[in-house]
Each structure stands twice: as structure tokens, then as C-alpha cells.
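In my numbering, each residue's number is its place in the sequence shown (first place is 1) plus 29. For glycine and all other residues, C-beta sits at the position ideal for the given N, C-alpha and C. A quick write-up on the structure given underneath.
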Amino acid sequence: MADASPDQPNGGPGNRFFSCTLEVTSAGSSPRPVTYDPCPPTWKQILYTTTYTLTYNLKDEAGFFAELDKQYGIQKSWVKFDTTRDFQGCTASGGGGGGGTGNPNLDKRCDSIIDISHFRRPVSSGNIDV
Numbered sequence: 030m031a032d033a034s035p036d037q038p039n040g041g042p043g044n045r046f047f048s049c050t051l052e053v054t055s056a057g058s059s060p061r062p063v064t065y066d067p068c069p070p071t072w073k074q075i076l077y078t079t080t081y082t083l084t085y086n087l088k089d090e091a092g093f094f095a096e097l098d099k100q101y102g103i104q105k106s107w108v109k110f111d112t113t114r115d116f117q118g119c120t121a122s123g124g125g126g127g128g129g130t131g132n133p134n135l136d137k138r139c140d141s142i143i144d145i146s147h148f149r150r151p152v153s154s155g156n157i158d159v
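Written out as C-alpha cells, the structure reads:
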């Protein structure tokens, strides 16, 4: 599943078979879920967001697997729905690179934390027989 981008504002072609729920986590507040149908949210909505969860909901299973088979030769048994996570913890930089100006205490600050999860996202099952 391709996320939305400036070059592909609607993500990949498989997104039309899904709705999805986006939960953005901001410091000190509870996530507020927003559902998109079809999936995904626009790239502008998550451009500066470093912590969010996107849950995929397959709304047309027959159409999704028919399209995978017809367009790409991908069989249903080759696909599973799983969680993917992109987590990058505290990435402190020193010497004026955003984490401080050479002061050892300031150099330990975080430049950014990225924590992006996709639930029920279609991925390879690892069961590919050709």
C-alpha cells in the first residue's frame, strides 16, 4: 500500500479498496481518530506529523484480490494483513546540528522521534509459490 505523496496524492491504486482510520498523537492530548474513505489521508495532513497510527479496513475483499491477480499476478495466499511500524527513537545530534551548540547537556536533546504504525496493512505472507 502506497501512502499519499506529492507525486501520488491518492497513494497507490490498491487504496481504493480500503477505508482507513488515522490517529495522530500530539503531546499532552489523546488521539482523535478520523476515518478516510477511500484511504489514505492526503500527504499534507501528515507532512509534519511524526507520531501516528493508520488502521486499514478492507471494504471490498473480492475486488482487492481480483485486482491483485489480474494486474500483478499476485495470489491471495501471498498476502497477509499485518502491522508495520517505523520507529526511530531519540536522535540527538551535537555540535549545533539541532541538538545543541556543543554543550554536552544540550547535545542529549531529541531532534525528533518518529513512531508511525500501520495496522491491518497488506504485506507479503512469505508464502509465495511460483
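When DSSP reads this structure, aspartate 144 sits in a beta bridge with Thr80, Phe116.
Each residue's CA atom was taken as its position, placing asparagine 156 and valine 108 some 8 Å apart.
Valine 63 is positioned such that its CB atom lies closer than 8 Å to that of leucine 51. Here DSSP, grouped into helix, strand and coil, assigns asparagine 86 to strand. Between the alpha carbons of threonine 79 and aspartate 144 lies a distance of about 6 Å. Only residues of its own chain outside the window of five on either side were considered, and among them Cys49, Leu51, His147 have a CB closer than 6 Å to the CB of leucine 83, listed in chain order. Relative to the Cα of phenylalanine 94, the nearest Cα in the group Ser106, Tyr85, Asp32 belongs to Ser106.
In the DSSP secondary-structure assignment, aspartate 98 is not bridged to any residue.
Just measuring C-alpha positions, the residue of Phe116, Ala33, Glu90 sitting nearest proline 69 is Ala33. Between asparagine 86 and arginine 149, the gap from beta carbon to beta carbon is short of 8 Å. In chain order, Asp144 place their CB closer than 6 Å to the CB of phenylalanine 116, counting only its own chain and leaving out the 5 sequence neighbours on each side. Rounded to whole angstroms, the separation of the alpha carbons of aspartate 89 and leucine 97 is 12 Å.
Under the DSSP assignment, serine 59 falls outside any beta strand (DSSP E); it carries neither an H nor an E label.
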